[in-house]
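Written below as structure tokens is the structure these notes are about.
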Amino acid sequence: MNCQLCQKELDAYREGKLPGDMMTQVESHLRACETCSGIYRLQVLADKVIDQEIEIESDPFLATRIMAGIDNLKGSGYEPANVFIRVLKPVLGTALMVAAIFFGIMLGNLSQPVTDRERIPVELALIDDAAIESVNIFSND
Amino acid sequence: MTDSEIIKLILKGDKEKFRMLVEQYQQMVFRTCMGFLHNKDDADDLTQEVFIQAYQSLSRFKGEAAFSTWLYRIAVNASLNKVRKSSKNLILQRIDAIFGTEKTKELPFLPSDMKNPESILIRQEHVEWIRRALESLPENQRTAIVLSKYDDLSQKEIAEIMNTTEGAVEALLQRAKKNLREKLSAHGKNK
């Protein structure tokens, strides 16, 4: 067995997935070849590094830390009040703004002077005292 | 009580029920974070961030996939973001290392059979090198290898988390293993 083939089979060898005769060939090559045995040791070490990292336990107070973090969130929780704040508040704000603009326009129209007297029907014009009687008749002139 | 029942209660305002989900999945999330960060304190902090992010997004969880799959996705994305940010600071860290201002990382991997200080140093150097080899893998290969080795997930589960096919995951794992083998071989030959 050459080094290239041995190194290719090292993963399967470590996992014990090689057929019997191949296992023996890899084993005997590893005993004879220092380069391949060095690589093999490094791969075993890599597995150990991962295994040791897997065994590390998280902080025992992590759950408490997380819950405290959630409590500190602004507007935390999924209470109905939050639904109101998140959805209804902007909708209500927009509706109020539209209403304010509408009433503004209405008020603006009301304060405009009536300039089209000609359009007042004759019947109504008769009731309109100001149109019939001139204030000039009360003056001495 | 199932995950979806707990989630319904949380969404109705029972915030305290979220603790049940945290306690059930904290080690799983922590392991994933550890696979990317290789540092306990960083992994603890990131696990906390992942759960807070999950809580904030809980109303968007549709229940199409399992809660654990959804949580894995958040953990993987958060870890990759953290790693990206860290690699941006790598140049500064290297400058610190050159001028000797960076504290030497404490390695918790000192086996009892290694009494010789020289052997310990060599081993620590190897361990650090192995971590760098894992970190140097492309993001998708790294994600696949972390989920496979650290979380011991099947290719089907990894495919669901990564939103890809089982065949693609198999190919990613093979490429990742090949890349790692080549890096370790190059390192082994130099030693």
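From first to last, the protein sequence lines are chains L and R.
Mind the numbering: the first sequence is residues 1 to 141 in the numbering used here, read in order.
Mind the numbering: the second sequence is residues 1 to 191 in the numbering used here, read in order.
Positions of the beta carbon are idealized from the N, C-alpha and C atoms, including for glycine.
Because the structure is a prediction, the values reported are computed rather than measured.
Residue i and residue j closer than 8 Å at C-beta
| i | j | result |
| --- | --- | --- |
| residue 159 of chain R | residue 171 of chain R | no |
| residue 84 of chain R | residue 11 of chain L | no |
| residue 32 of chain R | residue 87 of chain R | no |
| residue 30 of chain R | residue 66 of chain L | no |
| residue 69 of chain L | residue 48 of chain R | yes |
| residue 44 of chain L | residue 130 of chain R | no |
| residue 30 of chain L | residue 126 of chain R | no |
| residue 21 of chain R | residue 3 of chain R | yes |
| residue 26 of chain R | residue 62 of chain L | yes |
| residue 7 of chain R | residue 73 of chain R | no |
| residue 151 of chain R | residue 28 of chain R | yes |
| residue 40 of chain R | residue 56 of chain L | yes |
Minimum C-alpha distance to residue i - residue among the options
| i | options | result |
| --- | --- | --- |
| residue 165 of chain R | R:186, R:181 and R:140 | R:140 |
| residue 38 of chain L | L:88, L:108 and L:3 | L:3 |
| residue 77 of chain R | R:1, R:147, R:17 and R:5 | R:147 |
| residue 143 of chain R | R:75, R:186 and R:40 | R:75 |
| residue 32 of chain L | L:73, L:18, L:107 and L:1 | L:1 |
| residue 58 of chain L | R:46, R:62, R:65 and R:64 | R:46 |
| residue 185 of chain R | L:35, L:5 and L:16 | L:35 |
| residue 163 of chain R | R:65, R:183 and R:149 | R:65 |
| residue 183 of chain R | L:40, L:101 and L:107 | L:40 |
| residue 53 of chain R | L:73, L:100 and L:108 | L:73 |
| residue 16 of chain R | L:71, L:51 and L:52 | L:71 |
| residue 149 of chain R | L:5, L:51 and L:101 | L:51 |
Boundaries (first-last residue) of the alpha helix (DSSP H) holding residue i
| i | result |
| --- | --- |
| residue 143 of chain R | 139 to 149 |
| residue 28 of chain R | 18 to 37 |
| residue 103 of chain L | 89 to 110 |
| residue 66 of chain R | First-last for residue 66 of chain R: undefined, no H or E at that position. |
| residue 36 of chain L | 34 to 55 |
| residue 61 of chain L | It is not in any alpha helix (DSSP H) - residue 61 of chain L carries neither H nor E in the DSSP assignment. |
| residue 8 of chain L | 3 to 14 |
| residue 4 of chain R | 3 to 11 |
| residue 57 of chain R | 40 to 57 |
| residue 156 of chain R | 155 to 161 |
Cβ neighbours of residue i in the same chain (closer than 7 Å, five flanking residues each side left out)
| i | result |
| --- | --- |
| residue 101 of chain R | Reliability fails at residue 101 of chain R, whose pLDDT of 44 lies under 50, so the model's placement of it is uncertain and the value that follows must be treated cautiously. Cβ within range, chain order: n/a, list empty. |
| residue 277 of chain R | The question about residue 277 of chain R has no answer here: the residues shown for chain R are numbered 1 through 191. |
| residue 112 of chain R | For residue 112 of chain R, the predicted structure reports a pLDDT of 44, less than 50, and the residue's modelled location is therefore unreliable. A value from the coordinates is still provided. Around residue 112 of chain R: no qualifying Cβ. |
| residue 18 of chain L | 9, 12 and 26 |
| residue 69 of chain R | 160 and 161 |
Contact set for residue i: own chain, Cβ-Cβ below 6 Å, skip 5 residues either direction
| i | result |
| --- | --- |
| residue 81 of chain R | none |
| residue 145 of chain R | 176 |
| residue 63 of chain R | 4 |
Spatial neighbours of residue i in its chain, beta-carbon cut-off 8 Å, leaving aside the 5 residues before and after
| i | result |
| --- | --- |
| residue 89 of chain L | none |
| residue 47 of chain L | 14 |
| residue 107 of chain R | Summary for residue 107 of chain R: the model assigns pLDDT 40, below 50, so the residue's position carries little reliability; its value from the coordinates is reported in the next sentence. Contacts found: 124, 127 and 128. |
| residue 103 of chain R | Per-residue confidence for residue 103 of chain R stands at a pLDDT of 41, beneath the threshold of 50, marking its modelled position as unreliable; no derived number is given. |
Residue i CB to nearest heavy atom of the ligand HEM below 7 Å
| i | result |
| --- | --- |
| residue 37 of chain R | Among the components of this structure there are no ligands whatsoever, and the ligand HEM is therefore not found. |
- Message: Under 8 Å, with one C-beta from each stretch per pair, do the region 57 to 76 of chain R and the region 171 to 180 of chain R reach the 3-pair mark?
- Response: no
- Task: Please confirm if the region 23 to 39 of chain R is in contact with the region 134 to 148 of chain R, defined as three or more CB-CB distances below 8 Å between the two stretches.
- Result: Contact holds between the region 23 to 39 of chain R and the region 134 to 148 of chain R, because three or more Cβ pairs, one in each stretch, are under 8 Å apart.
- Query: For the 8 Å Cβ check, are there 3 or more pairs between the region 14 to 23 of chain L and the region 2 to 12 of chain R?
  - Reply: no
- Would you call the region 1 to 9 of chain L and the region 26 to 38 of chain L in contact, with 3 or more CB pairs under 8 Å? Two segments are said to touch when three or more pairs of C-beta atoms, one from each, lie closer than 8 Å; by this definition the region 1 to 9 of chain L touches the region 26 to 38 of chain L.
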